[in-house]
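Following: one structure in structure tokens, then a few remarks.
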Amino acid sequence: MPRVPFRWKAAVRVKCSVLTFALLLVLVGGIASLLPLPTRGETEPARARTVPRVSVVAAAPAEFARTIRLTGTIVGRDDIAIGTPLQDQRVSAVLVDEGDHVKAGQMLARLDTTTLDARVRDARAAADRARAAVAQQQALGDDAQSAWRRVAPLAGSGAMSDQQIDQHRAQADAAAAGLRAARADHEQALARLDEARAQLDKAAIRAPMDGVIASRAARVGALAGSEPLFRLIGRGELEFDGDAVERDLYALHAGQKARVTLPDSQGAVDGAVRLVAPRIDPQSRMGKVRIALSDASRFRSGGFARAELVAERTTVAVAVPQRAVTFDPQGAAFVMRVDVSGRVARHAIVAGRRDGERVEVRGGLKAGERVVASASALVRDGDVVQAAGAEGERSQ
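Reminder that position 116 of the sequence shown reads as 116 in the UniProt record's numbering, one-by-one numbering, no gaps.
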């Protein structure tokens, strides 16, 4: 009897398996077709469980504040330039550096005094010579006056000629004039000495008041010129210096509260308007605003900062969260209004002012009507939703 090949047996087994699997599928399908379908009532609970829950909020009156936002620079309230009237004098010593706190009268730098010392010595010598000349003229004047007093009674007596008497009188007058001239020369010499000493005193650069050194241009060996050697922040007080547009300037006044913020929200401090410029620039239509800082420890002179001030507060009849409003490309505003049955409808409104996170509704929505709190929620016109969250529960 011939042997059946192994490969042929394997093929037969595979075909049998496929036929068996096909028969099982037909059997399962037939059984399923005989089972009864669920009724509409039986599917209602499943659908109810799929109704989305979204946060809703009721439109309501709100207080709006007009906020004025400014950008500006941190500056010293008293920015003092410290220099010297002495020209072409070399700086011999610098005693402070940027950031140092100094007291009024404290020496900041010294200039070379070689030339100034020589001027003082020369002026002192001239004053001494003038004083000696005064003493000499005083002695001569005393002698001349004494001689004149002796001969004056002899006038007209014949004991002495008129010529001799006139000569004594002239000598006394000349001595008195010489004394006056010597005294005047002495006064001038003393004035020149005082001036030389004052120039010498100016070689010591001192702080005019308490403060913080903001910048230092003085360098040892450099010639002092007309540029400031130091800049001092008086008393270390910093403030915000910004420009406000004309409309905002009329809403600002001294003492008004403000909030000044560092870049990237690194910190913020309270402040108060110290100065509103009385003049508006006719070109830019802007004016200066200075805001005093309650705590300037985190600020640096010359740094950028922002300021916010509340100009006025008003109450609007209807407002909704800004995130509940969408705008189309033409600028029309819409909200997703939720009726008492929970059905959502896309509803047009007339949007007004915006205040932080709220939008004024000037038409299309009444106080108390509910809207989806976030326009980005995955709800569409005609959907049925359940109010969820504290806002939704309060508004139901």
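Ideal placement from N, C-alpha and C gives every residue a C-beta, glycine not left out.
In this structure, the CA atom of alanine 224 is about 54 angstroms from the CA atom of glycine 356. Residue state for histidine 101 is assigned as strand, using DSSP reduced to three classes. Here the C-alpha atom of glutamine 87 lies approximately 23 angstroms from the C-alpha atom of glutamate 98. In this structure, the alpha-carbon of aspartate 201 lies about 55 angstroms from that of glutamate 312. Counting every other CB atom within 10 Å of its CB across the protein chains shown gives methionine 107 a total below 16, marking it as exposed. Annotated as proximal: arginine 90 and glycine 221, with beta-carbon spacing under 8 angstroms. Rounded to the nearest whole angstrom, the CA to CA distance from aspartate 143 to isoleucine 205 is 51 angstroms. Straight-line spacing of the CA atoms in valine 335 and glycine 242 works out to 38 angstroms. Assignment of alanine 345 by DSSP, reduced to helix, strand and coil, places it in the strand class. Minimum Cα-Cα distance from proline 263 among the listed residues Val51, Thr73, Val56, Val54 corresponds to Thr73.
In the three-state DSSP reduction, alanine 324 falls in the helix class (H, G or I). Here alanine 333 is actually not in contact with serine 374; their C-beta atoms are around 15 angstroms apart, not less than 8 angstroms. Pairing glutamate 308 with phenylalanine 64, the inter-Cα distance amounts to about 15 angstroms. Going by beta carbons, methionine 209 and valine 245 fall outside the 8 angstroms limit. CA-CA distance, alanine 218 to proline 228, rounds to 8 angstroms.
In the structure shown, glycine 352 adopts extended strand secondary structure according to DSSP, grouped into three states.
Beta-bridge annotation (DSSP): methionine 286 is paired with Val245. For glutamine 137, the enclosing alpha helix (DSSP H) starts and ends at 114–151.
At a Cβ-Cβ threshold of 8 angstroms, aspartate 100 and isoleucine 280 do not count as neighbours. Per DSSP, the unbroken beta strand (DSSP E) holding serine 55 starts and ends at 53–58.
When Cβ pairs closer than 8 angstroms are counted between the two stretches, the segment 246–253 is seen not to touch the segment 291–305, the count staying below three. In the DSSP secondary-structure assignment, serine 294 is not bridged to any residue. Counting along the chain, the unbroken beta strand (DSSP E) around lysine 257 starts and ends at 257–261. Looking at Pro321, Gly105, Ala123, Thr326, the one whose alpha-carbon comes closest to that of proline 61 is Pro321. Residue range 333–338 is occupied by the beta strand (DSSP E) that includes phenylalanine 334.
Counting along the chain, no beta strand (DSSP E) covers methionine 209, and no H or E run does either. For isoleucine 74, the three-state secondary structure derived from DSSP is strand. In this structure the segment 184–194 lies against the segment 113–131, because at least three pairs of beta carbons, one per stretch, are closer than 8 angstroms.
By the criterion of a C-beta distance shorter than 8 angstroms, valine 344 is surrounded in its chain by Met336, Arg337, Val338, Val372, Val379, Arg380, Asp381, Gly382, Asp383, Val384, Val385, once the five residues flanking it on both sides are discounted.
By the 16-neighbour rule on beta-carbons within 10 angstroms, glycine 76 is buried. Here the alpha carbons of glycine 331 and alanine 59 stand approximately 21 angstroms from one another.
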